[in-house]
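Okay, so here's the structure we're looking at.
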Amino acid sequence: MTEIPNPSARDPVPVEVPGADPAGLRVPSSGAHRVVIVGGGFGGLTMARGLGNAKDIEVTLIDRRNHHLFQPLLYQVATAVIAPGEIAEPIRAILRRDRNVRVLMGEVEGIDVGGRAAILRDGTRIPYDTLVLATGATHSYFGHPEWERYAPGLKTLDDARRIRARVLLAFEAAEREDDPAARERLLTFAVIGGGPTGVEMAGAIAGLAHHALSQDFRRIDPKRARILLIEAAPRILGTFSEDLSAYSRQALERLGVTVLTDHAVEDVSEAGITVQGRLIPAATVVWGAGVRASPAGAWLGVETTRQGHVPVGPDLAVIGRPGVYALGDLAQAKAEDGTPLPGLAQVADQQGRYLGRALRDRILHGRAPQPFRFRSRGNLAIIGRNAGVVQWDHVKLKGFLAWLVWGVAHVYLLVGFHNRLVVTLRWLWAYVSFQRGARLISERDEATMALISGKPPAKAPLP
């Protein structure tokens, strides 16, 4: 294995920190303290910026992709509202002014806890004094990984591109289909999961069919597309109040979405989905029903929750692993009342800010931090044009005002002025014109036609 040394780092000599907790922090008597962050999402990136330009701290951020992605807007890429590059920014560009932070593009596949090193897939070892895991989560198919082929989830830009291709190609295939039953299957879109992702995705597909594509075809009427939102629980948006959940359902139904609650999916195949023992033919299925934390818990050899979350203490330190911290979707952090914090971008963002300050104070000044406290900015979900829901504690908004608040909040959270400006202009144009700006299908996407239509592509796809 190869070890990448840090030229400014020396072997740390443990010293006693007054008031320090059992987090295993080792403060070197000389040289720089090496902080390794795995994951460039909201938590990892915000934390790296919090440690930026800190004297005597060398930060290494590792991510398998070279960009930071604003996941809450992925569904708008998947439904051709905005282009992929408008919600992503190169990590190196974001951190260019933080001279003590280096970025490595690589995939971590293990942690040597005793030797204090992160191990990359190619065997490279990245030594650390303090390790922060912000590796996020992936899709969970509840023991049915074979469903992923037919029901892709939405976590990456590649996921969004694949779903966009499936949605647009379904309309294209329906335009040239002569068999009524096959055409009906092609124009049936099923979204599994009634959380914010599923609700926003179903509403966006409805907007695409009823507005952007409504005048573009001659043999089919996109407005006749059947859009299903399927949820196993008694109601959609279960984290919102019952009245906002009921409003959201009514708003979706006004858009032409059929909402099926108390319907657990039993099977997903090329033919469609099976619920309550009945097959519903559908060419396009989108998965938004469950997530599972990354395998970082297995790397550490700690006991995790059923969904793979790693238990952490009040300061986000991994229990039983000195010098290791976890945040974001990976961590099972708890609120003041003892309930687990939700897997939201705002949670990861606040944890990253907290941990950046906390580690700076510990490493440079030997001060133990106060426990992390999450301050909710509210739950937000957009349903469609002029329709959204927002909930802060006892304050509730719905309709146009909630839709406007949702838009302002998401533009604010985007990284980079250019991204904010472009997305705002794109939304304004889409609002005024009812048009979508990213409805292109590449030659590579034609291979998806076989999966959508059940027929071979017209020509061999490019390699």
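Residue numbers are given in the numbering used here: position 162 of the sequence shown equals residue 165, and the series is strictly consecutive. For every residue, glycine included, the Cβ atom is placed at its ideal position computed from N, Cα and C.
Buried or exposed: residue i, going by 16 or more other Cβ atoms within 10 Å of its Cβ?
i      : result
Ala62  : The sequence shown places Val at residue 62, rather than the Ala named in the question. Result: buried.
Val30  : Confidence at Val30 is low in this model, with a pLDDT of 44, below 50, so the placement of that residue should be treated as unreliable; the coordinate-derived value is given next. Val30 should be labelled buried.
Asp318 : buried
Glu89  : buried
His397 : exposed
Tyr415 : exposed
Asn56  : exposed
Ser251 : buried
Phe220 : exposed
His368 : exposed
Thr138 : buried
Pro199 : buried
Glu151 : exposed
Leu28  : Low confidence applies here, because Leu28 scores a pLDDT of 46, under 50, leaving its location unreliable and the question unanswered by this model.
Gly196 : buried
Ala463 : Confidence at Ala463 is low in this model, with a pLDDT of 41, below 50, so its placement is unreliable and the value that follows should be read with caution. Under this definition Ala463 is an exposed residue.
Thr82  : buried
Leu424 : exposed
Gly206 : buried
Leu48  : buried
Pro374 : exposed
Asp132 : buried
For residue i and residue j, what's the separation of their Cα atoms in angstroms?
i      : j      : result
Thr191 : Pro155 : 16 Å
Glu180 : Asn69  : 41 Å
Asp332 : Gly44  : 10 Å
Ile276 : Phe174 : 19 Å
Glu256 : Leu77  : 23 Å
Phe344 : Pro225 : This sequence places Leu at residue 344; Phe is not what is there. So the two alpha carbons sit approximately 40 Å from each other.
Glu19  : Gly326 : Summary for Glu19: the model assigns pLDDT 34, below 50, so the residue's position carries little reliability, and this model does not support an answer.
Arg222 : Ala177 : 8 Å
His214 : Leu263 : 24 Å
Val426 : His413 : 10 Å
Ile85  : Lys58  : 40 Å
Trp302 : Glu112 : 7 Å
Ala249 : Met204 : 18 Å
Ala254 : Thr261 : 11 Å
Gly34  : Arg100 : 22 Å
Ala193 : Arg363 : 47 Å
Gly293 : Gly241 : 13 Å
Arg167 : Thr141 : 19 Å
Leu107 : Ala51  : 13 Å
Ser244 : Gly126 : 49 Å
Gly146 : Ile60  : 43 Å
Pro93  : Pro284 : 40 Å
Report the CB separation of residue i from residue j in whole angstroms; it is logged as a contact under 8 Å.
i      : j      : result
Ile129 : Leu123 : 7 Å
Leu160 : Val80  : 7 Å
Gly259 : Ala209 : 5 Å
Trp409 : Gly391 : 5 Å
Gly42  : Gly355 : That pair is no contact at about 10 Å.
Val278 : Val268 : 6 Å
Leu189 : Ala286 : 5 Å
Ala121 : Val202 : Not really, about 37 Å apart at Cβ, beyond 8 Å.
Ile233 : His266 : 5 Å
Ala477 : Val350 : Residue 477 cannot be examined here, being either before or after the span of the chain that is shown, 4 to 466.
How far does the alpha helix (DSSP H) with residue i in it extend, from its first residue to its last?
i      : result
Trp150 : Where Trp150 is concerned, there is no enclosing alpha helix (DSSP H), given that its DSSP letter is neither H nor E.
Glu175 : Leu160 to Glu178
Leu48  : Phe45 to Gly53
His413 : Phe403 to Leu416
Pro199 : Pro199 to Gly210
Asp270 : Not the alpha helix (DSSP H): Asp270 falls in the beta strand (DSSP E), residues Val268 to Val271.
Ala249 : Glu245 to Arg257
First and last residue of the beta strand (DSSP E) that includes residue i?
i      : result
Ala390 : Ala390 to Trp395
Phe192 : Thr191 to Ile195
Ile233 : Arg229 to Ile233
Arg482 : Outside the displayed range of the chain (4 to 466) lies residue 482, so it cannot be described from this structure.
Thr277 : Gly275 to Val278
Leu240 : Leu240 -> no beta strand (DSSP E), and no H or E assigned at all.
His214 : Element bounds for His214: n/a, residue is neither H nor E.
Arg128 : Arg128 to Pro130
Thr287 : Thr287 to Trp290
Val116 : Careful: Val116 lies outside any beta strand (DSSP E) and carries neither H nor E.
Ala236 : From DSSP, Ala236 is part of no beta strand (DSSP E); its letter is neither H nor E.
Ser134 : Per the sequence presented here, residue 134 reads as Leu, with Ser not at that position. Residues Thr133 to Leu136.
Ala296 : Val294 to Ala296
Leu263 : Val260 to Leu263
Ala35  : Counting along the chain, Ala35 falls outside any beta strand (DSSP E), and DSSP gives it neither H nor E.
Is there at least one non-hydrogen atom of the ligand GDP closer than 7 Å to the beta-carbon of residue i?
i      : result
Gly331 : This structure lacks the ligand GDP; in fact it carries no ligand of any kind.
Could you pull out every unbroken alpha helix (DSSP H) segment of at least 4 residues lying fully inside the segment 303-382, listed in chain order? Counting whole runs of 4 or more residues, the segment 303-382 contains the alpha helix (DSSP H) stretches 348-368.
Enumerate, from N- to C-terminal direction, the unbroken alpha helix (DSSP H) stretches of 4 or more residues contained entirely within the segment 44-111. 45-53, 77-81 and 94-97
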